[in-house]
Structure formats: structure tokens, C-alpha cells
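Beneath this line is the structure, given in C-alpha cells, with notes to follow.
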Amino acid sequence: MMPKKQQLVISSQEQVGEAVFRLTLQGEVAALPGQFVQVGVAPALDPFLMRPFSVHDCSRDKLALLYRIAGRGTKLLARRQPGELLTVIGPLGKGFPVGKADRAVVVAGGMGVAPLLYLLRFLRGAGKDVAFFYGAKTAAGLVLQDTFRSLAGEYIAVTEDGSAGKKGFVTQFIRPALAGKKADLYACGPFSMLRAVAALAKDTGADCYLSLEARMACGVGACLGCVIRGADGCWRRVCTDGPVFRAEEVFGR
Amino acid sequence: MTPDLTVKIGKLTLKNPVMPASGCFGYGEEYAAFYSLEQLGAIVVKGTTAEPCAGNPPVRLAETPAGLLNAIGLQNPGAEVARGKIRRLQQYNTPVIVNVAGQNPEEYLQVIRILDEEPAVSAYELNISCPNVRAGGMAFGTDPQVVNSLVRTVRRATEKTLIVKLSPNVTDIVAIARAAEEAGADALSLINTLLGMSIDSETRRPLLANLTGGLSGPAVKPVALRMVWQVSEAVKIPVIGMGGITCAADAVEFLLAGATAVAIGSAHFINPIVCPEVVEGIAAYLARHGFRAVREIIGLAKKAAGEEGEKDAGKDHCRP
Chain A
1 MMPKKQQLVI
11 SSQEQVGEAV
21 FRLTLQGEVA
31 ALPGQFVQVG
41 VAPALDPFLM
51 RPFSVHDCSR
61 DKLALLYRIA
71 GRGTKLLARR
81 QPGELLTVIG
91 PLGKGFPVGK
101 ADRAVVVAGG
111 MGVAPLLYLL
121 RFLRGAGKDV
131 AFFYGAKTAA
141 GLVLQDTFRS
151 LAGEYIAVTE
161 DGSAGKKGFV
171 TQFIRPALAG
181 KKADLYACGP
191 FSMLRAVAAL
201 AKDTGADCYL
211 SLEARMACGV
221 GACLGCVIRG
231 ADGCWRRVCT
241 DGPVFRAEEV
251 FGR
Chain B
254 MTPDLTVKIG
264 KLTLKNPVMP
274 ASGCFGYGEE
284 YAAFYSLEQL
294 GAIVVKGTTA
304 EPCAGNPPVR
314 LAETPAGLLN
324 AIGLQNPGAE
334 VARGKIRRLQ
344 QYNTPVIVNV
354 AGQNPEEYLQ
364 VIRILDEEPA
374 VSAYELNISC
384 PNVRAGGMAF
394 GTDPQVVNSL
404 VRTVRRATEK
414 TLIVKLSPNV
424 TDIVAIARAA
434 EEAGADALSL
444 INTLLGMSID
454 SETRRPLLAN
464 LTGGLSGPAV
474 KPVALRMVWQ
484 VSEAVKIPVI
494 GMGGITCAAD
504 AVEFLLAGAT
514 AVAIGSAHFI
524 NPIVCPEVVE
534 GIAAYLARHG
544 FRAVREIIGL
554 AKKAAGEEGE
564 KDAGKDHCRP
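If you're matching them up, the sequences are chains A and B in order.
Its first residue numbered 1, the first sequence is counted upward by one per residue in our numbering.
Its first residue numbered 254, the second sequence is counted upward by one per residue in our numbering.
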């Protein structure tokens with residue numbers, strides 16, 4: 001699907017957690033799970049750049065984004081009201097492929113949960129047996145738990161302080177889900193979590209897909225501002241070579 | 254009647270005065286997804302070096318008030334690979350201008366040797382103004398004598414239209430502009446980015462891995478406009494004006510200041526179809542004000558300023 005620049009109407013803006021909002025826009029973006037959109041957070045030249053957001057959910061006539069207020073751009077976005085127009089460019093980047101294994105193990109860390117709702121729906125639609133691991137620092141960092149629980153066969157929440165679910169890092173609890181039947185791994189979250197997930201994939205031989213983030217300008221592959229160094233030493237553009245990468249592309253075999 | 258938008262830059266006749274600025278447009282392929290590049294006056298591709306160049310480590314970007322700092326560091330696949338990408342642009346029937354960069358005069362010449370036989374390349378834009386590389390780049394663009402000698406060397410190596418892109422990071426941009434003109438440049442483009450930096454107060458570290466970067470975006474527009482005004486007054490060759498243009502009104506300001514054409518850079522990041530929108534907007538502006546050709550408005554603000562000046566001549570502004 002070729003990306004388009006569109007003006008979309010905000011249909012809802014709901015707070016779903018501590019500084020976490022779900023924004024729903026009217027219109028078709030035709031994104032695949034793991035793809036992202038660029039959003040003009042304010043109709044002005046300051047802040048100058050658009051903000052990249054992963055697609056939280058998407059259908060023929062609606063696009064949902066899930067975001068936490070983390071800086072000036074998201075603060076402005078949270079002030080935008082239903083009925084207002086937002087400039088949206090998308091769909092952008094490479095999303096999650098649907099792996100070959102019948103079992104899917106999906107790992108979320110903090111706001112990395114944003115693109116995984118759409119992925120869970122997709123994997124369920126493809127008939128996969130899905131286990132969902134959701135980690136956060138504290139209970140307050142876990143949002144929309146009922147929705148995620150309803151979309152996964154197995155649902156395990158983990159917090160670093162033990163204030164909800166199991167206590168520890170989410171990556172400590174995944175290994176049993178990868179034992180036995182062959183499974184594909186999908187993850188989005190902090191870089192350190194992705195590194196641990198990639199290590200698990202290497203150990204178990206699972207195919208592993210990771211969604212990364214970076215500061216971006218163009219979002220379409222032209223400016224070369226968002227590069228990360230791949231395992232082979234070459235640059236990868238997070239915006240167009242990713243944001244979803246095979247684990248070995250980033251962390252090696 | 255549709256106004257005549259054509260302008261001349263060296264040997265080139267452009268169908269309109271709007272082009273993307275080098276570095277913000279890759280080799281065109283990314284934006285071809287949004288519109289036909291045929292609508293551009295010219296296609297200006299990324300700074301190209303003789304050998305592949307890895308560029309700077311990330312973080313390469315930092316947003317600033319109404320602007321953006323970048324320190325990409327001329328990452329590009331080298332002239333041979335670039336040549337293949339440039340060939341694919343021939344389908345758009347629009348002149349392709351290649352931004353040429355190097356660490357020494359020999360490297361500039363190497364790029365031109367690789368590309369000069371290529372019919373898909375219409376012109377060169379000599380990059381003597383990149384602020385993000387240790388050798389070459391801006392180092393070549395801040396001393397009139399060095400500029401003169403480099404432009405002379407390159408001029409002897411090619412018959413194609415030669416544009417020299419100037420750095421704003423100088424005390425007297427007019428002296429640099431004159432040096433390039435005297436050495437045989439067909440046109441000048443300005444401005445490249447302004448050297449700047451940004452520090453994160455929370456982490457107490459510079460935001461860019463390269464420490465400094467080039468500032469672009471609406472924040473630099475007044476500086477760019479002033480420099481275009483000064484340079485276009487001082488030289489006879491055409492000036493391509495750029496720096497913070499985001500809409501047709503901005504582009505018209507540059508034309509009125511004396512630019513023959515304009516380039517649009519960072520605005521691509523907030524509007525991938527900004528160039529065709531500006532082309533349309535300039536045509537609408539001309540029609541609305543009764544001009545038949547874009548050439549009629551080039552430098553027009555100077556004429557107005559001159560008339561004001563004559564009216565005011567002899568008045569002493571310091572006396573009440």
C-alpha cells in the first residue's frame with residue numbers, strides 16, 4: 001500500500017492509563033500490523049516535525065493510536081479534541097510478517113504494547129495459538145489489560161516491582177512458552193528488552209520479529225536521520241528498512 | 254491564462270522555479286510514491302561522494318524551535334551506485350542536479366568523472382558548505398580564495414551547468430559568492446544549514462552524537478532571505494534561494510528578494526507533497542497579482558525598496 005497524506009477527523013480521544021491516551025481517527029490508512037504513521041500534532045510550524053506513532057488498531061474506516069505523554073509533541077496531541085483534523089501520513093515502514101509456526105509468542109514492554117493489539121487480532125485471524133507477555137515497571141504501566149487478555153490464549157502480566165502480575169522482567173517468564181511446539185516470537189519495547197528477546201530466540205531457534213523506534217524526520221527513507229547499526233555493521237533506516245526487523249538483523253545470529 | 258513559470262539556470266530551462274533541496278529528497282524514489290516527479294522544476298539529489306560514505310553515528314537529528322538540527326554527515330552510496338539511481342529519474346523528463354561533495358579537490362573531480370558522461374545528469378551543485386563532515390564540506394566554502402580555486406578546477410572538468418552551494422557560516426557571504434562567480438559558476442544556491450547545537454538539560458549531554466549539526470526549517474528563513482537579497486544584488490548569475498520555505502508565500506518572498514528559483518528542504522518532512530503545492534501556489538499568486546511570468550517578480554522587492562529609498566533620500570532619520 002502506497003503511503004498517502006491525509007487530513008483525518010478525530011473521532012475520540014480517551015485517557016486509558018496514567019498519561020496514556022487512545023486516539024481514534026476516521027478514515028482509511030490501510031496499514032498492516034507493525035506499520036506506523038506520521039502525525040502532525042499541531043497545525044503550526046512549531047514543533048516542526050511530525051511524530052511517528054505505530055498503528056495501534058486499524059480498520060476500513062478507522063485508525064487508532066495509543067501513546068503516552070512523553071514530551072512536547074505528545075502533550076500537544078493529547079489536547080486535540082474530537083472533531084478536529086489531524087494530518088496523517090501513512091501507512092509507513094515494514095510491519096510484522098505472519099510467521100510460519102502455529103504458535104505465536106508476543107512480548108510487550110511498557111508503551112511497546114501500542115502496535116501489538118493490531119498484531120494480536122491479525123495473528124488470531126490467521127488461526128495462531130497466541131501467548132501474550134506484557135511487562136511494565138509498575139501496575140500503572142499496564143493499560144487495556146482486559147482487551148489484550150481477550151485476544152490471547154495465554155496472558156501473562158509482569159511488573160518490575162510486583163505491583164501487578166508476576167514480579168521481575170517480562171523476559172524472565174517467556175522461555176516455557178517457547179518449549180515444545182515451535183513458536184514465532186514478536187516483540188516491541190525498550191531496546192534492552194528486545195535484546196533479551198533476541199537472545200531467547202537465538203537459544204530456542206524461534207523466528208523473531210522486533211519493532212524498533214528512533215527519532216525520525218521524514219519517515220519515508222529519504223533523510224537518513226533514524227538509522228541504527230545492524231549486526232553486519234551497516235546502517236538500517238528504522239523508518240523504511242523497519243520499524244520491524246528480524247532479530248538477527250539487529251543482534252546477529 | 255496560466256502564467257509562464259519557466260526560468261533559466263545556466264544551460265537549463267526549468268519548467269518551474271521549484272526544486273527539492275539536496276539531502277532532504279534522497280535520490281527521489283521515496284517521494285515518487287506521493288506524486289509524479291515530473292511536476293518539479295528540477296530534481297536535486299543527495300550529496301554524492303566518489304566512494305560510499307557511512308555518515309555520522311546516531312543520534313543524527315534534534316528538533317529545535319521551528320526547526321531541526323541534522324548531522325547526517327553525507328551518508329551516500331558513492332557516485333557509481335548513485336548513477337544507477339539517477340538513471341531511473343530520466344523517466345520524469347525533468348533536469349537532475351547532483352550535489353557533489355568531497356574531502357579534497359581530487360574527490361570532487363572523481364565524482365564528476367564518474368557522472369559527466371551520464372546523460373541523466375543535467376547539472377552539478379558543488380557542495381562546499383556541509384557543516385557535518387570533518388574534511389571538505391564547509392571547510393571549502395568559507396575562504397574566497399579556496400572557493401575560487403576549487404570552482405575553477407571543477408569548471409575545467411565539465412561543460413554541464415555548475416551551481417555552487419554556499420554556506421551561511423561566514424562573515425561575508427557576498428565575497429564567497431563573487432569568488433564562485435569569478436571562477437566560472439553558472440549559478441549559486443544558498444543557504445546550506447547554519448551550524449548549531451542542542452544540549453539535553455536532563456541528561457546534561459549534547460543531543461547529537463556529532464555534537465554540532467546543521468540548522469534548517471522555518472527558524473532560518475529570515476537569515477536565508479537576507480543572504481539571498483545581498484548575494485543576488487552582488488552577482489550577475491542566477492541565485493537559487495532556500496532556507497525554511499514551507500509554502501508558496503515563503504517561496505515568493507525568496508523570488509522577490511532576487512532568487513531566480515527556490516529549493517525546499519526540511520518542509521518535505523512535514524509535507525511530502527510540498528513542492529507541487531508550492532508550484533501551484535506560485536502560479537496562483539502570479540495570476541492573482543496580474544503577472545504573466547514568474548520572471549517578472551524576481552527581485553521585485555528590491556525595486557520597491559529602491560523607490561522607498563529615493564523618497565527618503567536626504568531625510569535625516571536621527572533627528573526628531
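Ideal placement from N, C-alpha and C gives every residue a C-beta, glycine not left out.
All values reported here derive from a predicted model rather than from experimental measurement.
Assigned exposure category for residue i - 16 Cβ within 10 Å defines buried
i	result
residue 111(A)	buried
residue 254(A)	Not covered by the structure: residue 254(A). The range shown for chain A is 1 to 253.
residue 333(B)	exposed
residue 506(B)	buried
residue 71(A)	exposed
residue 418(B)	buried
residue 193(A)	buried
residue 287(B)	buried
residue 150(A)	exposed
residue 452(B)	exposed
residue 56(A)	buried
residue 294(B)	buried
residue 300(B)	buried
Rounded separation between residue i and residue j - CA only
i	j	result
residue 546(B)	residue 259(B)	8 Å
residue 573(B)	residue 411(B)	Summary for residue 573(B): the model assigns pLDDT 46, below 50, so the residue's position carries little reliability; its value from the coordinates is reported in the next sentence. Using only the alpha carbons, I get a separation of about 58 Å.
residue 203(A)	residue 179(A)	11 Å
residue 43(A)	residue 407(B)	44 Å
residue 383(B)	residue 64(A)	40 Å
residue 114(A)	residue 108(A)	8 Å
residue 298(B)	residue 327(B)	12 Å
residue 307(B)	residue 313(B)	13 Å
residue 212(A)	residue 188(A)	7 Å
residue 18(A)	residue 74(A)	14 Å
residue 3(A)	residue 492(B)	34 Å
residue 550(B)	residue 544(B)	8 Å
residue 393(B)	residue 399(B)	6 Å
residue 421(B)	residue 427(B)	10 Å
residue 154(A)	residue 131(A)	4 Å
residue 341(B)	residue 504(B)	28 Å
residue 9(A)	residue 59(A)	15 Å
residue 559(B)	residue 500(B)	27 Å
residue 215(A)	residue 435(B)	42 Å
residue 165(A)	residue 321(B)	42 Å
residue 352(B)	residue 381(B)	10 Å
residue 552(B)	residue 509(B)	4 Å
residue 370(B)	residue 556(B)	42 Å
Under 8 Å between C-beta atoms of residue i and residue j
i	j	result
residue 38(A)	residue 92(A)	yes
residue 532(B)	residue 271(B)	yes
residue 5(A)	residue 87(A)	yes
residue 190(A)	residue 36(A)	no
residue 515(B)	residue 495(B)	yes
residue 361(B)	residue 415(B)	no
residue 522(B)	residue 196(A)	no
residue 120(A)	residue 96(A)	no
residue 331(B)	residue 303(B)	yes
residue 472(B)	residue 319(B)	yes
residue 228(A)	residue 311(B)	yes
residue 517(B)	residue 480(B)	no
Limits of the alpha helix (DSSP H) - the one that residue i falls within
i	result
residue 247(B)	This structure cannot settle anything about residue 247(B), because the visible part of chain B is limited to 254 through 573.
residue 528(B)	527-541
residue 507(B)	501-510
residue 422(B)	It is not in any alpha helix (DSSP H) - residue 422(B) carries neither H nor E in the DSSP assignment.
residue 378(B)	Taken as a continuous stretch (DSSP letters only), residue 378(B) belongs to no alpha helix (DSSP H), being part of the beta strand (DSSP E) at 376-380.
residue 398(B)	397-410
residue 73(A)	72-79
residue 248(A)	247-251
residue 145(A)	145-151
Proximity test, residue i beta-carbon vs the ligand ATP heavy atom, cut-off 7 Å
i	result
residue 328(B)	In the structure shown, the ligand ATP is absent, as is every other ligand, since no ligand is present at all.
Residue i, enclosing beta strand (DSSP E) - first and last residue
i	result
residue 209(A)	208-211
What residues in the segment 287-319 of chain B have a beta carbon less than 9 Å from any beta carbon of chain A? 287, 299, 307, 308, 310, 311, 312, 313, 314, 315, 316, 317, 318 and 319
Anything in the segment 45-68 of chain A with a Cβ closer than 7 Å to a Cβ of chain B? List those residues in chain order, please. 45, 46, 47, 48, 49 and 50
According to a CB-to-CB cut-off of less than 7 Å, which residues of the segment 483-508 of chain B neighbour chain A? 499
Using a beta-carbon distance cut-off of less than 9 Å, what residues from the segment 214-228 of chain A approach chain B? 214, 215, 216, 217, 218, 219, 220, 221, 222, 223, 224, 225, 226, 227 and 228
Mind listing which residues of the segment 2-23 of chain A have their C-beta closer than 7 Å to chain B's C-betas, in chain order? 2, 3 and 5
Relative to chain A, which residues along the segment 457-482 of chain B have a C-beta separation below 7 Å, given in chain order? 470 and 471
According to a CB-to-CB cut-off of less than 9 Å, which residues of the segment 353-383 of chain B neighbour chain A? none
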